[in-house]
Amino acid sequence: MIEDTKTWGCPLDEGIDEDRGGARGADLAAALPGDFLARHAADVEAAVREAAATEILPRFRRLADHEVDQKSGPHDLVTDADRLAERYLTGVLPALLPGSVVVGEEAVHADPATYEAIRGEAPVWIVDPVDGTRQFVHGDQGFCTLVALAHRGVLLASWTYAPALDQFATAVRGRGAFLDGERLHAGSPAAGRELRIATSHPDYTTDEQKRALLGLRTDGVAPRPCGSAGLEYLAVARGELDATAFSWEAAWDHAAGLLLVEEAGGAHRTLTGEPFRITGGNALPFTAARDAATADRVRELLRRAA
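Residue numbers for the sequence shown, in our numbering: 1 to 306.
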C-alpha cells in the first residue's frame, strides 16, 4: 500500500525515531558523519540512476554473446552490464562517504575475501549491480540495481532501482520506506485469503532447504518461485506479496530489500526465529513478510517441515 506523500517521511536532518530504530538508530548516528543522508541521499540515487543509464539500459535486449558469462553454472549468469555498473558505483559511493568501503557481488566473485568487509568497522556499501541477471539476459523487465549502506551489521539506508520499470524505492532506518516519493505501508494479509509467497528457486536450495520449503505447500498458502529478490522485497513492502522464503545469505540480494520491508512495517525471521543478519550465520530458509504475525506463521511452517 502506498500513502500519497512526496517526502521521505521526515526531514533527513531530523533525529532517528528511537521507538522504531532503537539501538540501531543510535548506531546510525555513530556510523555517519553529521547529516550525511540529508546531504547525500540524492547523490546516491543519482549515482544509481547514472549506472543504469550508462551501463545497464544500453545493453538491455542488446547483449551480444560475448557479453554474457556463466559463474557457478548455467543459472548463475554475469554480464558486462553487471561488471561495469558495479565498477562505476564502486568508484562513486566511497567518494561520498570517505572511509567507507564497497562489497559488490562481482568483486566478491573475483575475490571472496572482500565479503569480510561487511563484518568490519567501516561503513559499507552493499551493491548488486543487476539483481535478476537471468531476467535481464532474457529481456525481461524484472531486474533492478540494489544498494544498501550498513555499519557493523546494521542496515542504515537502501536504494532499489528498477530502470526498465521506472521505479525507484528508498528506505532510511527509522524514517520510512518510499516508492517514487510515496510512503510505503506493507499492511497485513486479508483474513481468509491464501498467503502469496515467493520462494527460492530449486536450483539454489539444498535438499534440507527443499524439505523446509515443502512446508509452504499447504492449505492457505500459494507459493511460487521468486524472480529478482529485490523486486520481491519491494512487492512485500507494497503489500502486493505477503512474504518471501529464501534459502541463501548473499547480502547484496537481501540488504536493500530487508530494510524496505522493515521500514514499511514488515518483519523478517530466520528458521530459529531471529531477524536475518547480513553478517551471516543465519538458520535457513528465512522469511520476510508484511507483518510480524505473517513472518511468524511462515517461519513456523518452514520449521515444522525442516
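Ideal Cβ placement from N, Cα and C applies to all residues, glycine included.
Legend entry - His138 burial status per 10 Å Cβ neighbour count (16 or more: buried): exposed
Legend entry - Closest by C-alpha distance to Ser247, when choosing among Ala47, Gly215, Tyr204, Ala107: Tyr204
Legend entry - Three-pair Cβ contact test at 8 angstroms for the segment 231-239 versus the segment 75-94: Contact fails between the segment 231-239 and the segment 75-94, because fewer than three Cβ pairs, one in each stretch, are under 8 angstroms apart.
Legend entry - Nearest to Val124 (by Cα), restricted to the options Ala256, Phe286, Ala289, Glu274: Ala256
Inset, instruction - Report yes or no: do three or more beta-carbon pairs, one from the segment 127-145 and one from the segment 223-230, lie closer than 8 angstroms? - result: yes
Legend entry - Among Asp207, Thr279, Ser100, Ser200, nearest to Ala243 - alpha-carbon criterion: Ser200
Inset, instruction - Out of Arg217, Arg134, Arg304, state which residue places its alpha-carbon closest to the alpha-carbon of Asp69. - result: Arg134
Legend entry - Residue range of the unbroken alpha helix (DSSP H) whose run includes His109: 105-110
Inset, instruction - Tell me, to the nearest whole angstrom, how far the beta carbon of Leu302 is from that of Ala198; I am working on the premise that it is less than 8 angstroms. - result: Not confirmed; about 14 angstroms, so no contact.
Inset, instruction - Rounded to whole angstroms, what's the CA-CA distance from Leu184 to Gly176? Just pull it up for me. - result: 8 angstroms
Inset, instruction - Compute the Euclidean distance between the alpha carbons of Val154 and Pro74, then round it to the nearest angstrom. - result: 34 angstroms
Inset, instruction - Would you mind working out which of Gly280, Thr279, Val298 sits nearest Gly273, comparing C-alpha positions? - result: Val298
Inset, instruction - Grab the span of the alpha helix (DSSP H) containing Asp296 for me, first residue to last. - result: 292-305
Legend entry - Proximity to Arg39 [Cα-Cα], best of Glu300, Leu97, Gly220: Among Glu300, Leu97, Gly220, the Cα nearest to that of Arg39 belongs to Leu97.
Inset, instruction - Can you grab the Cα-Cα spacing for the pair Arg196 / Pro163, in whole Å? - result: 25 angstroms
Inset, instruction - Tell me whether Pro112 is buried or exposed, calling it buried when 16 or more other Cβ atoms sit within 10 Å of its Cβ. - result: exposed
Inset, instruction - Enumerate, from N- to C-terminal direction, the unbroken beta strand (DSSP E) stretches of 3 or more residues contained entirely within the segment 224-303. - result: Those beta strand (DSSP E) runs which fall completely within the segment 224-303 and span 3+ residues are 243-246, 267-269, 286-289.
Legend entry - C-alpha distance - Asp291 paired with Arg49, whole-angstrom precision: 30 angstroms
Inset, instruction - Kindly indicate the opening and closing residues of the alpha helix (DSSP H) around Thr206. - result: Per DSSP, Thr206 belongs to no alpha helix (DSSP H) and is neither H nor E.
Inset, instruction - Take the Cβ of Ala150 as the centre, count every other Cβ of all protein chains shown within 10 Å, and call the residue buried at 16 or more, exposed below. - result: Around the CB of Ala150, 16 or more other CB atoms lie within 10 Å, so the residue is classed as buried.
Inset, instruction - Can you give me the start and stop residues for the alpha helix (DSSP H) that Gly91 sits inside? - result: 80-96
Legend entry - CB contact below 7 angstroms: Thr218 versus chain D: Considering every chain present, this structure includes no chain D. It has just one protein chain.
Legend entry - Sequence-distant residues of the same chain with beta carbon closer than 7 angstroms to Ala30, five excluded per side: Unreliable placement is indicated for Ala30, whose pLDDT of 48 sits below 50; no coordinate value is reported for it.
Legend entry - Residues that Thr54 bridges to, as DSSP identifies them: Its beta-bridge partners do not exist; DSSP assigns none.
Inset, instruction - Give the secondary structure of Leu37 by DSSP, where H, G and I count as helix, E and B as strand, and everything else as coil. - result: helix
Legend entry - CA nearest to the CA of Ser188, picked from Val102, Leu259, Ala288, Gly104: Ala288
Inset, instruction - Indicate the three-state DSSP secondary structure (helix, strand or coil) for Pro129 in the structure shown. - result: strand
Legend entry - Straight-line gap, Ala182 to Ala264 (C-alpha atoms, nearest Å): In the sequence as displayed, the identity of residue 182 is Glu instead of Ala. If you take the alpha carbons of Glu182 and Ala264, they lie about 11 angstroms apart.
Legend entry - Straight-line gap, Pro58 to Ala95 (C-alpha atoms, nearest Å): Take the alpha-carbon of Pro58 and the one of Ala95: they are about 25 angstroms apart.
Inset, instruction - Buried or exposed for Gly15, please, with buried defined as at least 16 other CB atoms from any protein chain shown within 10 angstroms of its CB. - result: Residue placement at Gly15 cannot be trusted, given a pLDDT of 35 that sits under 50; what the coordinates show is reported in the next sentence. Counting the other CB atoms within 10 Å of its CB gives Gly15 a total below 16, which places it among the exposed residues.
Inset, instruction - Could you name each continuous alpha helix (DSSP H) segment of 4 residues or more that falls completely within the segment 111-179, going from the start of the chain to the end? - result: If we require 4 residues or more, the alpha helix (DSSP H) runs fully inside the segment 111-179 come out as 133-137.
Inset, instruction - Confirm, please, whether the CB-CB distance from Ala122 to Gly104 is below 7 angstroms. - result: no
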